[in-house]
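Numbering (my numbering), first residue to last: 10 to 128.
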Amino acid sequence: MIVMYGIKNCDTIKKARCWLEAHQIDYRFHDYRVDGLDDALLRSFIAESGWKALLNTRGTTWRKLDESVRAGIDNADAAVALMLEMPAIIKRPLLCAPGQPMLLGFSDASYQTCFQNHS
């Protein structure tokens, strides 16, 4: 089962969900705020993509953090603690499709490539 992780009200999530629906691709949406996020799941994402890739340092949530907090996020454990506390700081969407590398973010081209053999 294809699973998209993110936050429902995110504009990029909305675009990615529309793309999947327009291409009639079944998926399950996992909203971090509603469905939760635990340490094991987050660490599995980090094992595949790395904590730096998952940490959205371009978003509002990151920019609103105190500089001392941002400076302290310099390793995987610190990043995990922050992401568990503030899931909105995780780059999104994160798409997990069986047999495919995890996709982080959304672009029409990356989704086309991922699902080119989807019928």
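Built from N, CA and C at the ideal position, the CB exists for glycine as well.
Given the structure is predicted, the values throughout are model-derived calculations rather than measurements.
- Secondary structure at R52: helix, using DSSP grouped into helix, strand and coil.
- Residue range R37 to D40 is occupied by the beta strand (DSSP E) that includes D40.
- The way I'd put it, the region 28-44 doesn't touch the region 72-91; fewer than three beta-carbon pairs between them come closer than 8 Å.
- Between M10 and R26 a beta carbon distance of about 15 Å is seen, past the 8 Å cut, so the two are scored as non-contacting.
- For M13, the enclosing beta strand (DSSP E) covers residues V12 to G15.
- A straight-line Cα-Cα distance of about 23 Å links L112 and E94.
- Of the other Cβ atoms in all chains shown, 16 or more fall within 10 Å of the Cβ of G15; this residue is therefore buried.
- Distance from the CA of T21 to the CA of P107, rounded to the nearest whole angstrom, comes to 22 Å.
- Exposed is the label assigned to P110, since fewer than 16 other Cβ atoms lie within 10 Å of its Cβ.
- Scanning its chain for C-beta atoms nearer than 7 Å, with the 5 sequence neighbours on each side dropped, one finds around S58 the residues M111 and L113, in chain order.
- In the structure shown, C105 falls within a strand segment according to DSSP collapsed to helix, strand and coil.
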